[in-house]
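K.L.:
Numbering (our numbering), first residue to last: 531 to 729. All residues carry an ideal CB built from backbone N, CA and C; glycine is no exception.
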Amino acid sequence: MKEMIIATKNPGKAKEFKTFFSAFQIEAISLAELDRDVGDIEETGTTFEENAAIKAETIAGMIQRPVLADDSGLAIDALNGRPGVYSARYAGEPKDDQANIDKVLQELKGVEASERTARFVCVLAVAIPGETAMFKKGYCEGEIAYSQIGENGFGYDPIFVPTGHNKTMAQLSPIEKNRISHRKNAIVQLEDWVKNATK
Numbered sequence: 531m532k533e534m535i536i537a538t539k540n541p542g543k544a545k546e547f548k549t550f551f552s553a554f555q556i557e558a559i560s561l562a563e564l565d566r567d568v569g570d571i572e573e574t575g576t577t578f579e580e581n582a583a584i585k586a587e588t589i590a591g592m593i594q595r596p597v598l599a600d601d602s603g604l605a606i607d608a609l610n611g612r613p614g615v616y617s618a619r620y621a622g623e624p625k626d627d628q629a630n631i632d633k634v635l636q637e638l639k640g641v642e643a644s645e646r647t648a649r650f651v652c653v654l655a656v657a658i659p660g661e662t663a664m665f666k667k668g669y670c671e672g673e674i675a676y677s678q679i680g681e682n683g684f685g686y687d688p689i690f691v692p693t694g695h696n697k698t699m700a701q702l703s704p705i706e707k708n709r710i711s712h713r714k715n716a717i718v719q720l721e722d723w724v725k726n727a728t729k
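1. Which two residues bound the contiguous beta strand (DSSP E) that contains Arg649?
2. Measure the alpha-carbon distance for Lys725 versus Phe554 and round it to whole angstroms.
3. Cα-Cα, which of Arg566, Lys539 and Pro688 is closest to Val634?
4. Do the CB positions of Pro596 and Met534 come within less than 8 Å of each other?
5. Rounded to whole angstroms, what is the Cα-Cα separation between Glu579 and Asp601?
6. Give me whichever residues DSSP pairs with Gly575 in a beta bridge.
7. Using a Cβ-Cβ cutoff of less than 8 Å, which residues in the same chain neighbour Ala586 once the five nearest sequence positions on both sides are dropped?
8. Could you please give the first and the last residue of the uninterrupted alpha helix (DSSP H) stretch that includes Ile689?
9. My output table needs one value for Phe665: the three-state DSSP class, helix, strand or coil.
10. Report, in whole angstroms, the separation of the C-beta atoms of Ala675 and Val691, which I expect to be a contact under 8 Å.
11. Use the C-beta contact count for Lys697: other C-beta atoms within 10 angstroms, 16 or more gives buried, fewer gives exposed.
12. Please classify Val615 as buried or exposed, where buried requires at least 16 neighbouring CB atoms within 10 angstroms.
13. Quick one: what's got a C-beta closer than 6 Å to Ile717's C-beta in the same chain, skipping five residues either side?
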């Protein structure tokens, strides 16, 4: 395997995967760098696995090359796992990070610190044309703060305090965040598969 198409146009996310795959002499190519536009793939799944697989398998079928897609979000125990797969649009359309944060803090009003446990989840799906997608999963455990703090990161980072830290994800430096992030933990799970695939 010489290349892996990464199902994202996000340069930050693409860079992370490029760094990972380059160690195995595999070129990671984002959708923004492809010579054709695959359009937006509608994510109609009800789980992170379903959504990641829909993206990976659909694009792999279209371009006949190996594709890696990810789906990720925030699961809060006191909200029965919400916002979950609806994390990006929890407060409705269009996507609005601030509105999503406000909604979560409102729903957790009066919930004690011990009950505010949550985790970021990242599911990676790798699809080889003609084969069923393979999954790897990463988590970052933590809890939801009472108010938002911090300027770094995006999404729910300003209200998520990772386990073992007394700062929100948005107060950590990008290097600190990448060490513990759910995506990093999912990418680490990929290593054994890539080693076998490149033998």
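P.N.:
On the basis of the coordinates in this document:
1. Here the question's residue 649 lines up with position 119 in the sequence shown. That run of the beta strand (DSSP E) goes Thr647 to Ala657.
2. The sequence position of residue 725 within the sequence shown is 195, counting from 1. The sequence position of residue 554 within the sequence shown is 24, counting from 1. The alpha-carbon atoms of Lys725 and Phe554 are separated by roughly 8 Å.
3. Along the sequence shown, read from residue 1 onward, the residue named residue 634 stands at position 104. Of the candidates Arg566, Lys539 and Pro688, the one whose C-alpha sits nearest the C-alpha of Val634 is Pro688.
4. One-based indexing of the sequence shown puts residue 596 at position 66. One-based indexing of the sequence shown puts residue 534 at position 4. Yes, these two residues count as a Cβ contact at 8 Å.
5. To locate residue 579, count along the sequence shown from 1; it is residue 49. To locate residue 601, count along the sequence shown from 1; it is residue 71. So the two alpha carbons sit approximately 7 Å from each other.
6. Working through the sequence shown from its first residue, we reach residue 575 at position 45. Looking at the DSSP assignment, Gly575 forms no beta bridge with any residue, so it has no partner.
7. The residue labelled residue 586 in the question sits at position 56 within the sequence shown. Non-local C-beta neighbours of Ala586 in its own chain, meaning closer than 8 Å and more than five positions away in sequence, comprise Ala537, Val597, Leu598, Ala599, Ala655, Val656, Ala657 and Ala663, ordered along the chain.
8. As a working mapping, residue 689 is identified with position 159 in the sequence shown. From DSSP, Ile689 is part of no alpha helix (DSSP H); its letter is neither H nor E.
9. Your numbering for residue 665 matches position 135 in the sequence shown. Phe665: strand per DSSP, three-state reduction.
10. Start at 1 with the first residue of the sequence shown, and residue 675 comes out as number 145. Start at 1 with the first residue of the sequence shown, and residue 691 comes out as number 161. With a Cβ gap of about 5 Å, Ala675 and Val691 count as contacting.
11. For the purposes of this step, residue 697 is taken as the residue at position 167 of the sequence shown. Lys697 should be labelled exposed.
12. Locating residue 615 in the sequence shown gives position 85, counting from the first residue. So Val615 ends up on the buried side.
13. Locating residue 717 in the sequence shown gives position 187, where the first residue counts as 1. Closer than 6 Å at the Cβ level, and outside the excluded window around Ile717, lie Phe550.
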